[in-house]
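Asker: The following block contains the structure, expressed as structure tokens.
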Amino acid sequence: MSLAGLSINLATIRQQYGFAAAVDACLAQNITAIAPWRDQIHAIGLDEAARIVRSNGLTVTGLCRGGMFPATTPEGLAAAIEDNKRAVDEAVALDAECLVLVVGGLPGGSRDLPAARGMVLDGLAALLPYAQAQNMPLAIEPLHPMYAADRACVNTLEQALDLCDQFGPDIGVAIDAYHVWWDPKLAEQIARAGAGGRILAHHICDWLVPTRDLLLDRGMMGDGVIDLKALRAMIEAAGYHGPQEVEIFSAENWGKRPGDAVIATCIERFETVC
Numbered sequence: 005m006s007l008a009g010l011s012i013n014l015a016t017i018r019q020q021y022g023f024a025a026a027v028d029a030c031l032a033q034n035i036t037a038i039a040p041w042r043d044q045i046h047a048i049g050l051d052e053a054a055r056i057v058r059s060n061g062l063t064v065t066g067l068c069r070g071g072m073f074p075a076t077t078p079e080g081l082a083a084a085i086e087d088n089k090r091a092v093d094e095a096v097a098l099d100a101e102c103l104v105l106v107v108g109g110l111p112g113g114s115r116d117l118p119a120a121r122g123m124v125l126d127g128l129a130a131l132l133p134y135a136q137a138q139n140m141p142l143a144i145e146p147l148h149p150m151y152a153a154d155r156a157c158v159n160t161l162e163q164a165l166d167l168c169d170q171f172g173p174d175i176g177v178a179i180d181a182y183h184v185w186w187d188p189k190l191a192e193q194i195a196r197a198g199a200g201g202r203i204l205a206h207h208i209c210d211w212l213v214p215t216r217d218l219l220l221d222r223g224m225m226g227d228g229v230i231d232l233k234a235l236r237a238m239i240e241a242a243g244y245h246g247p248q249e250v251e252i253f254s255a256e257n258w259g260k261r262p263g264d265a266v267i268a269t270c271i272e273r274f275e276t277v278c
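5 is the number of the first residue of the sequence shown in the numbering used here; add one for each residue after it.
Take a look at the structure:
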């Protein structure tokens, strides 16, 4: 795959740049695909962000993030659904290929994981028709089980696909190497996702050993233990040939390096170890 197959999730260079400067830094190294976060869009304004995307011919491989459905009250769930509708609107304005959903964990004070998953189901049921009306695919991103309590109670690709199968088309999955590499069912579930046309995004980074922070110490590709070439081969065999999107949260390492050097390393590792 050529460099056109590489996307930079702007979380990777969040500490160095705002949205406009991040775009300029990517374009300076011939990267024309990005995945911004909603707060980065809000900081510059949706209209200006959309203008920058269009004027530079950028591909937005996904908007991060919707989701976070579970709430302590029905009103809280309703508010989350409304916020997700605004996220759909933003994704549409940016011509994003999908809206990535991190579904949310246990609401405050709760120990009822099945109830949280029920709220995710309810939230998806309420959101999907709105997204379908605007032709915006929803991509559920299963997160590693260590995040079940606070970020995502959907923790395996199998769980995410089971949710998708309850709704039909226009909803799929974002497969993030950091979150799924360990799963003993990974190969069969990637094949299942491909057969159903459910693979909407492919995120890459690496799992460091040791990991100093389970949220903010992701590794650059090639620095950890994930077999990224094998994962890519499975995803491509399943029929997905879209960009690989580098998403690295690294507060004490890559977040402290010059942004142009981070992007250059992403390119070098994409070409050699992915």
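All C-beta atoms in this analysis are idealised placements derived from N, C-alpha and C, irrespective of residue type, glycine included.
Because the structure is a prediction, the values reported are computed rather than measured.
#1: By Cβ distance below 7 Å, which residues in the same chain neighbour Ala-153 in space, the five residues on each side in sequence not counted?
#2: For a test of the three-state rule: what should DSSP assign to Ile-175, helix, strand or coil?
#3: Give me, in chain order, the residues of the same chain whose beta-carbon lies closer than 8 Å to that of Ala-195; leave out the 5 immediate sequence neighbours on both sides.
#4: So, with DSSP's three-state summary, where would you put Met-5?
#5: Is the beta carbon of Glu-101 less than 9 Å from the beta carbon of Thr-65?
#6: Can you tell me the Cα-Cα spacing of Glu-79 and Val-184, whole angstroms?
#7: Around the Cβ of Gln-138, are there at least 16 other Cβ atoms within 10 angstroms (buried) or fewer (exposed)?
#8: How far does the beta strand (DSSP E) with Gln-248 in it extend, from its first residue to its last?
#9: Report all residues from its chain with a CB closer than 7 Å to the CB of Thr-269; omit the five preceding and five following residues, and keep chain order.
#10: From which residue to which residue does the beta strand (DSSP E) around Leu-128 run?
#11: Excluding the five sequence neighbours on either side, which residues of its own chain have a C-beta within less than 7 Å of the C-beta of Met-5, listed in chain order?
#12: Which first and last residues belong to the alpha helix (DSSP H) in which Ile-12 is found?
#13: When you compare each of Pro-141, Gly-127 and Asp-28 to Ala-82 by their alpha carbons, which one comes out closest?
#14: The beta strand (DSSP E) with Ala-39 in it runs from where to where?
#15: Return the CA-CA distance between Thr-160 and Ala-47, expressed in angstroms with no decimal places.
#16: Got a sec? Which residues, its chain only, sit under 6 Å from Met-123 by beta carbon, not counting five neighbours each side?
#17: How many angstroms separate the CA atom of Leu-23 from the CA atom of Leu-50?
Answerer: Reading off the structure:
#1: Translated into the one-based positions of the sequence shown, residue 153 becomes position 149. Gly-109 and Leu-110.
#2: Walking along the sequence shown from the start, residue 175 turns up at place 171. Ile-175: strand per DSSP, three-state reduction.
#3: The sequence position of residue 195 within the sequence shown is 191, counting from 1. Once the five neighbours on either side are set aside, the close Cβ partners of Ala-195 are Met-238, Ala-241 and Ala-242.
#4: For the purposes of this step, residue 5 is taken as the residue at position 1 of the sequence shown. Residue placement at Met-5 cannot be trusted, given a pLDDT of 42 that sits under 50; the coordinates are not used to answer.
#5: As a position in the sequence shown, residue 101 is number 97, starting the count at 1. As a position in the sequence shown, residue 65 is number 61, starting the count at 1. Yes. Within cutoff.
#6: Working through the sequence shown from its first residue, we reach residue 79 at position 75. Working through the sequence shown from its first residue, we reach residue 184 at position 180. Those two C-alpha atoms are separated by around 33 Å.
#7: Position 134 of the sequence shown, counted from the start, is the residue given in the question as residue 138. The residue in question, Gln-138, is exposed, as its Cβ has fewer than 16 Cβ neighbours within 10 Å.
#8: The residue you call residue 248 lines up with position 244 of the sequence shown. Start and end: 248-250.
#9: Here residue 269 is taken as the residue at index 265 of the sequence shown, counted from 1. Hits under 7 Å: Met-224.
#10: One-based indexing of the sequence shown puts residue 128 at position 124. No beta strand (DSSP E) holds Leu-128; the alpha helix (DSSP H) holding it covers 117-137.
#11: In the sequence shown, counting from the first residue as 1, residue 5 sits at position 1. Annotation note: pLDDT 42 at Met-5 (below 50); position unreliable, coordinate value reported separately. Within the same chain, Met-5 has no close Cβ partners at all.
#12: Counted from its first residue, the sequence shown places residue 12 at position 8. Note, Ile-12: premise wrong, no alpha helix (DSSP H); beta strand (DSSP E) at 10-13.
#13: The residue given as residue 82 occupies position 78 in the sequence shown. When only C-alpha atoms are compared, the closest one is Gly-127.
#14: Locating residue 39 in the sequence shown gives position 35, counting from the first residue. Segment 37-39, the beta strand (DSSP E) holding Ala-39.
#15: Mapped onto the sequence shown, residue 160 falls at position 156. Mapped onto the sequence shown, residue 47 falls at position 43. Cα to Cα, Thr-160 sits roughly 33 Å from Ala-47.
#16: Taking the sequence shown and counting its residues from 1, one reaches residue 123 at position 119. So the qualifying residues of the chain are Phe-73, Pro-74 and Leu-81.
#17: As a first step, residue 23 must be located in the sequence shown, where it is residue number 19. As a first step, residue 50 must be located in the sequence shown, where it is residue number 46. A small correction: the amino acid at residue 23 is Phe; Leu does not occupy that position in the sequence shown. So the two alpha carbons sit approximately 11 Å from each other.
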